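Participant:
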Amino acid sequence: MHILSPSVLTTLLAGLLAASQATASSVASKGLKPIKQVQLGPRPYYLVDNLEDGPLKKKLASCMDKDMRTSSWSIAHRGGCLQFPEHSRESHMAAARMGAGILECDVAFTKDRELVCRHSQCDLHTTTNIVNIPELNAKCTTPFSPAKDGKPAVAKCCTSDITRKEYKTLCAKMDGFNPNASTPEAYLHGTPSWRTDLYATCGTVLTFKEHLALTRDLGLKHTPELKTPEVKMPFEGDYTQKKYAQQMIDTIIEAGVNPKDVFLQSFLYDDILYWLKAAPAFGKQALYLDNNGDAPGSLPSAVASLKRYAKDGVKYIAPPINYLVANKNGTIVPSSYAQEAKKLGLKIITWSLERSGPIADVHQNGNFYYGPIQEVVTKDGDIFRVLDVLWRKVGVVGVFSDWAATTTYYANCFGIGLKK
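Mapping of the sequence shown onto mature numbering (1 follows the signal peptide of the UniProt record, and there is no 0): residues -24 to -1, 1 to 396, in sequence order.
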């Protein structure tokens, strides 16, 4: 593949951006306009009330009557998927109304190589109604098979199993499934009890182009994640990882989105290196999603790798919350990972808040996102204690959340990243 020089790319971007403005209105998302009145609902206020008395609660309580504004510190993780089907139009609209300044599309590809928003390339069987559509279920990598003889029901359906047109016929639903199901319809029911199916009434699935238009028309910023393929690459012989990575860039340029409004993401370090070289205008804000400390005892190795990332020109590192915090005598403090990242000048964005159910369950049973501090967090209000450490002591520049209202409330109270 021919790689353009930074100067040539910049010139090309400028031309394409200018040309695209003339057609931007023709692809507007149903006449959407920026949201002027942010609406947080009761949850952040409930969390403030649930906090133990102290300086943090006093500060947060003082903000209860503020008019809230959109904040770029508040990043919607798959939209508002605590209660809405993830990556549905409805989910992203909910997040935008809750003041998320950046919306995420996890980018996967279809059989005809169109880009769509889906958290995993192969999650259609748990996040849509595909198994209940016979002609599409038959195209799945593993069509639905009912529970039988003590064995659970199984299915595996990937975006690459179907075309874009077929994908657009699906209904988004809350992520979950029933392993004891004897029918496709029963298989669709498995939403965790701490979420809800109230809004899971055939959510609208989105292509990447549709998501770009929606986000742009709302006046918000973009953070597309190139999903790690679950099929063998090159796909069908010639669709390589580099072509996939470049297609995402090309689609953003065609949509007329300014590179400064885009924060690319990938768990694959080679994707980050590719963007830094082939599309530096975008690559300089790319987030490396670091999961190299997940295995037991591997966090020190992940800390050591931070020097290489900084040396390679990576500016943003995006680890999960549990990499950044530690328990010191019952107090939440920055971890060695957080301290090293700050020392190296790496900007930190973290994930994912409000993805763990009631904190009492976390405290009792443990949870990935709170692992090092699960003994310290005991009630829902402690979510704000975690946010407070992430902002004031770790210095994160953004937080992915399944319910943007919480991060938006904190950002407004402390004046972080507020939209003018």
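The beta-carbon is built from N, C-alpha and C at its ideal position, and this holds for glycine as well. All values reported here derive from a predicted model rather than from experimental measurement.
#1: Shortest alpha-carbon distance to residue 399 belongs to which of Lys396, Leu394 and Thr384?
#2: Hey, quick one: how far does the alpha helix (DSSP H) through Asn303 stretch, first residue to last?
#3: Could you compute how far the alpha carbon of Trp379 sits from the alpha carbon of Leu58?
#4: Alpha carbons only, please: which of Val353, Cys147, Ala387 and Pro155 is nearest the one belonging to Ala302?
#5: Can you find a CB in chain B that lies within less than 9 Å of the CB of Cys389?
#6: Give the straight-line distance between the Cα atoms of Gly273 and Ala387, rounded to the nearest whole angstrom.
#7: Helix, strand or coil: which one does DSSP assign to Tyr250?
#8: Is it buried or exposed for Ser332, if we count other Cβ within 10 angstroms and need 16 for buried?
#9: Please report the straight-line C-alpha distance between Ser311 and Lys144, rounded to a whole angstrom.
#10: Please identify the residue among Lys369, Lys141, Lys253 and Pro160 whose C-alpha is closest to the C-alpha of Pro119.
#11: Using CA coordinates, which residue listed in Pro235, Lys395 and Lys185 is at the minimum distance from residue 403?
#12: Can you tell me whether Met150 is buried or exposed? The criterion is at least 16 other CB atoms within 10 Å of its CB, across all chains shown.
#13: Answer with buried or exposed for Ser67, where buried requires no fewer than 16 other C-beta atoms within 10 angstroms of its C-beta.
#14: If we call anything under 9 Å between Cβ atoms a contact, is Lys203 one with Arg94?
#15: Buried or exposed: Asn105, going by 16 or more other Cβ atoms within 10 Å of its Cβ?
#16: Could you spell out where the alpha helix (DSSP H) holding Phe390 opens and where it closes?
#17: Closer than 6 Å by C-beta to Asp99: which residues in its own chain qualify, once you throw out the five before and the five after it? Chain order, please.
#18: Let me know the secondary structure DSSP gives Gly259 once reduced to three states.
#19: From Val14 to Phe60, what does the alpha carbon distance come to, in whole angstroms?
#20: Take Glu28 and list the residues in its own chain whose beta-carbon comes closer than 6 Å to its own, dropping the five residues that flank it on each side.
#21: Report the three-state DSSP secondary structure of Asp270 (helix, strand or coil).
#22: In the DSSP assignment, the alpha helix (DSSP H) including Ser277 goes from what residue to what residue?
#23: I'd like the span of the beta strand (DSSP E) that includes Tyr292, first residue to last.
#24: For the pair the stretch 75 to 86 and the stretch 170 to 187, tell me if three or more CB-CB distances fall below 8 Å.
#25: Between which two residues does the beta strand (DSSP E) holding Lys141 run?
#26: Can you name, in chain order, every residue of its own chain whose Cβ lies under 8 Å from the Cβ of Thr139, other than the five neighbours on each side?
#27: With a floor of 4 residues, list each alpha helix (DSSP H) that falls wholly inside the stretch 298 to 381, ordered by position along the chain.
#28: Provide the residue span of the beta strand (DSSP E) that contains Val130, from first to last.
#29: Is it a yes or a no for the stretch 236 to 244 touching the stretch 253 to 267, going by three-plus beta-carbon pairs under 8 Å?
#30: Throw me the rounded Cβ distance for the Ser48 and Gly75 pair, which I believe falls under 8 Å.
#31: Looking at Leu146: is its Cβ nearer than 9 Å to the Cβ of Phe153?
#32: Which whole runs of the alpha helix (DSSP H) in the stretch 170 to 240 are 4 residues long or more, in chain order?
Facilitator: The short version:
#1: Residue 399 is absent from the structure shown; the chain starts at -24 and stops at 396.
#2: Where Asn303 is concerned, there is no enclosing alpha helix (DSSP H), although the beta strand (DSSP E) around it starts and stops at Val301 to Lys304.
#3: So the alpha carbons of these two residues sit roughly 6 Å apart.
#4: In terms of Cα proximity to Ala302, the closest of Val353, Cys147, Ala387 and Pro155 is Val353.
#5: Going by chain labels, chain B is absent from the structure shown, which holds only one protein chain.
#6: Using only the alpha carbons, I get a separation of about 34 Å.
#7: Reduced to three states, the DSSP call for Tyr250 is helix.
#8: Ser332 is buried by the Cβ-count criterion.
#9: Cα to Cα, Ser311 sits roughly 43 Å from Lys144.
#10: Ranking the options by Cα distance to Pro119, first place goes to Pro160.
#11: Outside the modelled stretch of the chain, which goes from -24 to 396, sits residue 403, for which no answer is possible.
#12: Per the 10 Å Cβ criterion, buried.
#13: That one is buried.
#14: For Lys203 and Arg94, yes; Cβs fall inside 9 Å.
#15: Its Cβ being crowded by 16 or more others within 10 Å, Asn105 is buried.
#16: Ala380 to Phe390 is the extent of the alpha helix (DSSP H) around Phe390.
#17: None.
#18: Secondary structure of Gly259 (DSSP, three-state): helix.
#19: Their backbone Cα atoms lie some 18 Å apart in a straight line.
#20: If you ignore the 5 residues before and after Glu28, its C-beta comes within less than 6 Å of no other C-beta in its own chain.
#21: Three-state result, Asp270: coil.
#22: Segment Leu275 to Lys287, the alpha helix (DSSP H) holding Ser277.
#23: Looking at the DSSP string, the run of the beta strand (DSSP E) that includes Tyr292 is Tyr292 to Ala294.
#24: Contact check between the stretch 75 to 86 and the stretch 170 to 187: three or more CB pairs, one atom from each, fall below 8 Å, which counts as touching.
#25: Counting along the chain, Lys141 falls outside any beta strand (DSSP E), though it belongs to the alpha helix (DSSP H) covering Arg140 to Tyr143.
#26: Correct list, in chain order: Thr86, Lys87, Asp88 and Glu90.
#27: Entirely contained in the stretch 298 to 381, the alpha helix (DSSP H) runs reaching 4 residues are, in chain order, 312 to 319, 335 to 341 and 358 to 365.
#28: Val130 to Lys132 is the extent of the beta strand (DSSP E) around Val130.
#29: They touch, by the three-pair rule.
#30: Not really, about 10 Å apart at Cβ, beyond 8 Å.
#31: Against a cut-off of 9 Å, the Cβ pair of Phe153 and Leu146 comes out as no contact.
#32: For the stretch 170 to 240, whole alpha helix (DSSP H) runs of length 4 or above, ordered along the chain, are 184 to 193 and 217 to 230.
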